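J.: My numbering puts the first residue of the sequence shown at 2, with every later residue one more than the last. Beta carbons are placed, not taken as given, at the ideal position from N, Cα and C, and that holds for glycine. Here the structure is a predicted model, which is why all the values come from computation and not from measurement. Structure provided below as structure tokens; questions to follow.
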Amino acid sequence: MKELSRDSLHRFLFEGCAVRGKLVHLDQSWRAILERNDYPQPVRRILGETMAATVLLASTVKFEGRITVQIQGDGPLTMVVIQCTNKLVLRGLARWQGEFDDVSFERLMSNGKMIISIENEADNQRYQGVVPVTGATVAESLRAYFDHSEQLPTRLWLAGGDESVAGLLLQRMPEHGVAPAEDFWDRVCLLASTIKTEELLELPERQLLHRLFNEDDLRLFDRLPVSFRCSCNRERVENMLKSLGADEIRGMVEEHGSVIVHCEFCNKAYEFDPIDSAGLFVADLPADDQTVH
Ligand SMILES: [Zn+2]
């Protein structure tokens, strides 16, 4: 029997030890992203792994905001971008060039770099970290990011499948009077490294944690739902068009009759006919003048 959607994130911690973890499993939201493009297999895997990683990282964000993980390169895979809010609402896409069936991560991501941005909505602050794409997986590149940043020691294990994607994150917390955790941290990371892709994709949370850490006292918290939804809206598109300037927009209307903008993430079309387009640049009229007598 096929399971219902498990789009969710679970937090857990090791009782009495300064290590916490998260598990993410996505199926419905993963299929929603796959529906929008016919991604070649190797692209799909990287997109899926990046998606699981982004949700795991977003769940560590403590303020109202969002995290964007972007991978750029000059190989066949030119761009992967996944955005996820601290409320675990996500969207994403990948772009590629040419045709290919089976190609290694290194070739696919030639000269790649990974850009991780965290935006805080309240104060409009943006923090950004950039690392070269290294190793043979998304998780290995992220490991380099954590090794070079001043964040808490963090390790990720990711799996991108056809029907679902999943990930496991372990994070070492600052120690407050708990026993030295160096050995413990090494041990749980070693255990986590024994996880197989199929296990990460298929096992329910409790079984998965039992499979890895059956000797440890774990506390598993309630599931948090994760959903796919695009945050695009007409107002944002209007602002983008305004930034292009009146002359540019007038030119587009003269050439095409109207301006149609497609959202890259969800493919929704926003149309601006000649009157809408002209209206973009006369927004400064006092609203009271619009009253009908
Ligand atoms: Zn959209």
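With a CB to CB cut of under 6 Å and the five nearest residues on each side skipped, what residues in its chain are close to Ser-278?
T.: Spatial neighbours of Ser-278 in its own chain (CB-CB distance under 6 Å, excluding positions within 5 residues in sequence) are listed in chain order as Ile-250, Val-254 and Val-260.
J.: Please determine, among Thr-198, Glu-199 and Leu-171, the residue with the shortest C-alpha to C-alpha distance to Leu-191.
T.: Leu-171
J.: Does the beta-carbon of Gly-258 have 16 or more other beta-carbons within 10 angstroms, so that it is buried, or is it exposed?
T.: exposed
J.: At which residues does the beta strand (DSSP E) containing Phe-222 begin and terminate?
T.: Unbroken beta strand (DSSP E) run through Phe-222: 219-226.
J.: Under 6 Å, CB to any heavy atom of ligand 1. Which residues pass, going along the chain?
T.: Cys-231, Cys-233, Cys-264, Phe-266, Cys-267 and Lys-269
J.: Looking at the structure shown, is Leu-159 part of a helix, part of a strand, or coil, going by DSSP?
T.: Looking at Leu-159 - three-state DSSP - the assignment turns out to be strand.
J.: Rank Glu-151, Glu-176, Leu-153 and Thr-138 by C-alpha distance to the C-alpha of Leu-159 and give the top, closest one.
T.: If we check each option's Cα against that of Leu-159, Thr-138 comes out closest.
J.: I need the DSSP call for Asn-240, collapsed to helix, strand or coil.
T.: helix
J.: At what residues does the alpha helix (DSSP H) containing Thr-51 begin and finish?
T.: Residues 42-59.
J.: Any idea which residues DSSP pairs Ile-116 with across the strands?
T.: Gln-71 and Val-131
J.: What do you get for Pro-205, buried or exposed, if any count of 16 or more other CB atoms within 10 angstroms of its CB means buried?
T.: exposed
J.: Tell me which same chain residues have a C-beta within less than 8 Å of the C-beta of Ala-33, skipping the five on either side of it?
T.: Phe-229
J.: Is it buried or exposed for Asp-8, if we count other Cβ within 10 angstroms and need 16 for buried?
T.: buried
J.: Hey, could you find the ends of the alpha helix (DSSP H) Glu-272 is sitting in?
T.: Premise fails: Glu-272 lies in the beta strand (DSSP E), 270-273, not in any alpha helix (DSSP H).
J.: If you run the structure through DSSP and keep just helix, strand and coil, what is Ile-276?
T.: Ile-276 falls in the helix class under three-state DSSP.
J.: From what residue to what residue does the beta strand (DSSP E) around Val-139 run?
T.: From DSSP, Val-139 is part of no beta strand (DSSP E) but of the alpha helix (DSSP H) over 139-149.
J.: Which value, in whole angstroms, describes the spacing of the CA atoms of Gln-126 and Gly-246?
T.: 26 Å
J.: Can Leu-24 and Ser-60 be called in contact, C-beta distance under 8 Å?
T.: no
J.: If you draw a straight line from the C-alpha of Ser-150 to the C-alpha of Asp-103, how long is it?
T.: 33 Å
J.: For Val-283, is the classification buried or exposed, using 16 other Cβ atoms within 10 angstroms of its Cβ as the cut-off for buried?
T.: exposed
J.: Is Leu-201 helix, strand or coil when you go by DSSP?
T.: Helix, per DSSP.
J.: Counting C-beta neighbours from all protein chains within 10 Å, is the total for Gly-17 16 or more, i.e. buried, or is it exposed?
T.: exposed
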